[in-house]
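Here's the structure, in structure tokens; my notes come after.
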Amino acid sequence: MSLRRYVLRRTLLTLPILLGVSVLTFGLVKLLPGTPVDYVLQFQEATPELRASLRAQYHLDEPLWNQYLLWLNDVLHLDFGDRVVSDRSVTAAIAERLPETLVLGGAAFLIALLVGVPTGVVAAVNRGTLLDEGSRVVALAGIATPNFWLGLLLLLLFGVHLNLAPVIPPVAPLLAPESLAFLVLPSLTLGTASAALFTRLTRSAVTEQLGREYVRAARARGLDERTVIVKHVLRNSLVSVVTVAAVQVAFLLDGAVVIERVFSWPGLGRLLVRAILQRDFPVVQAVVLLVATAVVVANLLADVLYAWLDPRITY
Amino acid sequence: MPRNPLDGRGRLRVRGFGSDDADGDAEAATATTPTTDRWRRAWTRFRRDRAAVAGLAVIAVMALLAVFARPIEVSGVVVQPVALAPYDPGASGVAPAYRPPSLAHPFGTDWAGRDVFSRVLYGGRYSLSVGVIAVSLALLVGVPLGAVAGYVGGWVDETIMRLVDVLYAFPFLVLAIALVAVFGQGFWKLVGALVAVGWIGYARLIRGEVLGVSERDYVLAARALGASDRRILRRHVVPNAIAPVIVQATLNVGTVVLSAAALGFLGLGLQPGTAEWGSMLSAGRDTLVGGEWWVTVFPGLAVFLFVLSINLVGDGVRDALDPDADTDTYRGAR
Amino acid sequence: MALLEVEDLDVRFYTEGGVVQAVDGLSYTLDRGERLGVVGESGAGKTVTALAVLGLLDDPGRIEGGSIRFDGEDLLDASPDRLRRLRGGEVGMVFQDPETALDPVYTVGEQVAEAVRVHTDREGAAVHDRAVSLLDRVGIPDPATRATQYPHEFSGGMAQRVVVAIALAGDPDLLIADEPTTGLDVTIEAQLLDLLDDLADDDLAVQLVSHDLGVVAGFCDRVVVMYAGQAVERAPVDDLFYRPKHPYTAGLLSAIPRIGDDRDRLATIPGTTPDLASPPPGCRFHPRCPYAEDACTKRDPPLAGVDGEVRHTSDSDAGDGIGDHRAACLAYVDDADFDSDLDFRVEITDGANADGEGGS
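Residue numbers (numbering that gives the first Met the number 0), protein chains in the order written: chain F, 0 to 314; chain G, 0 to 333; chain S, 0 to 359.
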């Protein structure tokens, strides 16, 4: 099977999952007591005409499956409706916050990847030494530390006691130097647990490869150790790294929700939590749907990468 | 090539080695080692892992502290009278607000003049119980579903696995948040949300193990002997497949405690003002600029200590049950 | 001077369960163009020996004594660089499972080319050409196309040929084959042995490690039988099979099932191989030997000559004359307190008249 056909097949297979995700997200809001109309009318004067027009707007008189299809149609056109707390469109609110979360998450991911993977490789190659044991201890601590606690401690230390960093983000465009400078602490915090996971799992993958017969065969061929490690072992370990990376997407999204609160970073996470406390359900629905879709797409990309990395998969 | 002496089967015959009385004693003088129960062996291996044992000790101490923090009453009868916590965790104004740690208040006081030490001790109750209960319930849901899916196969398997795939698309915390949003806050709703999100990991894991084990020869042998499906599942498949699930469940207690604390931090956990580690950190965040570090350090330290210990125990359990597995193998489950 | 001289080799594994004596005082030689078979059960130390020659022992294992000389050069003293050039260069190695001996993510051609690049001066297109011609040499049809394929696209037998091709890239003088046919079907096995035979005729020395007596009997000139880390018998192949001198060898031969056998059960050597962390005192085989006596529990027999000329441990055991036949049994040691006769013998059931006689 060629790579192209494989990609097509995997993509088609994710469609039912995306469908399921949409059904679940739609159903979740339907489980709420009352109707969206009641929530909107918390903030406005409740006249019968308004109520009727809102009911029509939310298609509440249609059968359930039809409501779903209408909602799905809207979603596919990127129309998530209006916010409950204001008249602004949900889509606009999300579009405003999305880049912030992307930058935070992206930075954290890069940190995790660039710190975690090399550490894992070095630990595996130097198995049993102080370097290895030390990195394992540090990785374990990294995984056990609640990221919000770490963020708060860093803020306390650098922001309050040492006065080196601002406690809230500067009022400046996202890519301005002050904003990026502010991002250092939050992305470090968010990336720590991921880096620890990358370290542990890379170490495990490389150790497993080192025990394989082809490594001994490669040495028996007269290849120097560096070639054996870099050309053969690492290449074979990449599949495991991709697996970990795909899982980190969901993990980082979870973390971003919390870290954005710690650092008052105006991203999707803060929007989500605020929306829940304000009972702004169109927003909750939209963010959850978006996040789940991102995870599915990330996993699909990982699948494609596997196929490209390992010739046995498309055989 | 020289003529192969063994060419032509039966050509060479050895006489005299003992080949003529071949019916006899293949019973040689090899001492038979007594077989020990696999669980006992695992326990012996676990005991040798000092880090794991240390973790277990820490958890035991924390559990004891949580139980004996304040008296427990069941229907008016005082079941547990000891109060290790010097103050009522909910009592505000027992001391001036925001006092740094001192002899009277080892962890200082918070914004409402409450003793942080007592609150941290008492908060252990929520965190530990959420962790244990949520994981236990998730096991009760996930393991049977996964085992059935793996063993029965067919459309049952397909349905359950599609559901698992869809649920897997939602990040753990995000889905828990959504569930709390829909169903509300409170202890049991929190547990419910964590169970609803947590069962999938075990289902997938045990399904995979069951699928692997079902192919094994001893299962085929049992079936050939006429054992019923349920009996096979119970006596052969599940005991062998359960080991990675136990490891994952142990590690997940830590994950759940972390998530519960995160939800508390976000204000989505128990009632505001409850002495729960996550909520306490939330209050700490609000007043960060004041520099009162003790409100942040100690509750977070409690979470960190617990999760670290449970990870050590989990790794120890993994090594004890399967000493050949490398400690960090990714199992694909939450 | 022999091509490979192993003398008194001592290999130990330092494990959690104790120190395992994997190879104990092993000595043998291999001449240019000669084919030596190393046989024994699993765990006898055959593979460890092969790996030790190339310095490929994994961590808990260490060479603790003895010497290994290749073409006069002491390998245990050699620099890591020298050892690296030796591997795949003068000494090639073929492994048991070809599917796992090849890196799954690189094409077969690339892996052969890799070896060519390391051991020859060729560059660029010449490397590729040489790789293809090596694949041709080992009998892979349509080598140019197959060089672009991955290991999982090859059958077991073909993959093993690739491994042989890689081993040949450095134009070796010695090929160590560790159970090369164990994972293969009998017909494929025969083809591979034909290939090895063909290559060996070109003055390539082969050390064939196997637990399959049939393979060794058909291919080798001389055989070393190993048990529990020691050499228990060493002889030219005909001598070994027609006139075995060590009870263990006799046991192995008697265990080969034969068509037309009218016994109810297959013969086995009673008991199991000893725990190498705490081997039996004296002769390691004595718990399973039907001829064992008291003396056998006290003294570990040296590899002594069996042809009436009794030699003692003071002589170097390593150098064999072509007809040398030695066995490590007290029956052949003059001053041992050994009384009974080793009364096994080999009967040949066709017309041929080899006289099989055991005993002291």
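Heads up, the beta-carbon is just placed ideally off N, CA and C, and yes, glycines get one too. None of these values were measured; they are calculated from a predicted model.
| Asked | Found |
| --- | --- |
| 4 or more residues per run - each alpha helix (DSSP H) lying fully within the stretch 265–327 of chain G | 276–285 and 293–320 |
| Contact with chain S by residue 211 (chain G), beta-carbon distance below 8 Å | no |
| Cβ distance (whole Å) where residue 255 (chain F) is taken to contact residue 100 (chain F) below 8 Å | 6 Å |
| Residue 205 (chain S) beta carbon near the ligand ATP (any heavy atom closer than 7 Å) | You won't find the ligand ATP in this model; it holds no ligand whatsoever. |
| Span of the alpha helix (DSSP H) around residue 362 (chain S) | This structure cannot settle anything about residue 362 (chain S), because the visible part of chain S is limited to 0 through 359. |
| Minimum C-alpha distance to residue 302 (chain G) - residue among G:264, G:204, G:36 and G:239 | G:264 |
| Spatial distance of residue 292 (chain S) from residue 328 (chain S) (CA atoms) | 11 Å |
| In DSSP terms, what residue 12 (chain S) is bridged to | S:19 and S:60 |
| Short Cβ contact (8 Å threshold) for residue 114 (chain F) with residue 194 (chain F) | yes |
| Candidates S:236, S:204, S:142 and S:232, of which the one nearest residue 213 (chain S) by Cα | S:236 |
| Own chain residues within Cβ distance below 6 Å of residue 60 (chain G), not counting five before or after | none |
| Chain-order list of residues whose beta-carbon lies under 7 Å from that of residue 218 (chain G) (same chain, five-residue window excluded) | 212, 231, 235 and 236 |
| Simplified DSSP state of residue 221 (chain S), which is helix, strand or coil | strand |
| Cβ contact (3+ pairs, closer than 8 Å) linking the stretch 74–81 of chain S and the stretch 259–268 of chain S | no |
| Own chain, CB closer than 7 Å to residue 73 (chain G), minus 5 neighbours either side, in chain order | none |
| Close beta carbons around residue 342 (chain G), own chain, < 7 Å, minus the five adjacent residues each side | Within the shown structure, residues of chain G are numbered from 0 to 333, placing residue 342 (chain G) beyond reach of any answer. |
| Cβ neighbours of residue 36 (chain G) in the same chain (closer than 8 Å, five flanking residues each side left out) | none |
| Buried or exposed by the 16-neighbour rule on C-beta atoms within 10 Å, applied to residue 225 (chain S) | buried |
| Residues sharing a beta bridge with residue 372 (chain S), DSSP | Absent from the model: residue 372 (chain S). The displayed extent of chain S is 0 to 359, so no value can be given. |
| Proximal residues of chain F, C-beta to C-beta of residue 330 (chain S) below 7 Å | Within 7 Å Cβ-Cβ: nothing; residue 330 (chain S) doesn't reach chain F, min ~39 Å. |
| Coil, strand or helix - residue 313 (chain S) by DSSP | In this predicted model, residue 313 (chain S) has a pLDDT of only 36, less than 50, meaning its place in the structure is not dependable; the value taken from the coordinates is given anyway. If DSSP states are grouped into helix, strand and coil, residue 313 (chain S) belongs with coil. |
| Beta-carbon gap between residue 160 (chain S) and residue 175 (chain S) smaller than 8 Å | no |
| Segment contact flag, the stretch 4–20 of chain S with the stretch 191–211 of chain S, C-beta cutoff 8 Å, min 3 pairs | no |
| Where residue 283 (chain F) falls, given that 16 or more other Cβ within 10 Å makes a residue buried | buried |
| Neighbour flag for residue 342 (chain G) against chain S, beta carbons, 8 Å | Residue numbering for chain G in the displayed model covers 0 to 333; residue 342 (chain G) lies beyond these limits and cannot be assessed. |
| Neighbour list for residue 223 (chain F) in chain S, Cβ cutoff strictly below 8 Å | 83 |
| Counterpart residues of residue 231 (chain G) in DSSP-defined beta bridges | According to DSSP, which records beta bridges pairwise, residue 231 (chain G) is partnered with nothing at all. |
| Residues that residue 212 (chain F) contacts on chain S, provided the C-beta gap is smaller than 7 Å | 94, 96, 99 and 100 |
| Beta-carbon proximity of residue 84 (chain F) to residue 285 (chain F), cut-off 8 Å | no |
| Beta-carbon separation (whole angstroms), residue 96 (chain F) vs residue 265 (chain F), contact threshold 8 Å | 6 Å |
| is_contact[residue 76 (chain F), chain S] using C-beta, thresh 8 Å | no |
| Integer-rounded CB distance, given that residue 21 (chain S) should sit under 8 Å from residue 182 (chain S) | Actually they are not in contact, since the Cβ atoms of residue 182 (chain S) and residue 21 (chain S) sit about 23 Å apart, beyond 8 Å. |
| C-alpha distance - residue 139 (chain G) paired with residue 251 (chain G), whole-angstrom precision | 14 Å |
| Span separating the alpha-carbon of residue 245 (chain G) from that of residue 191 (chain G) | 21 Å |
| Against chain G: residues of the stretch 283–299 of chain F by CB proximity under 7 Å | 283, 287, 290, 291, 294 and 295 |
| Backbone secondary structure at residue 83 (chain G) - three-state DSSP | coil |
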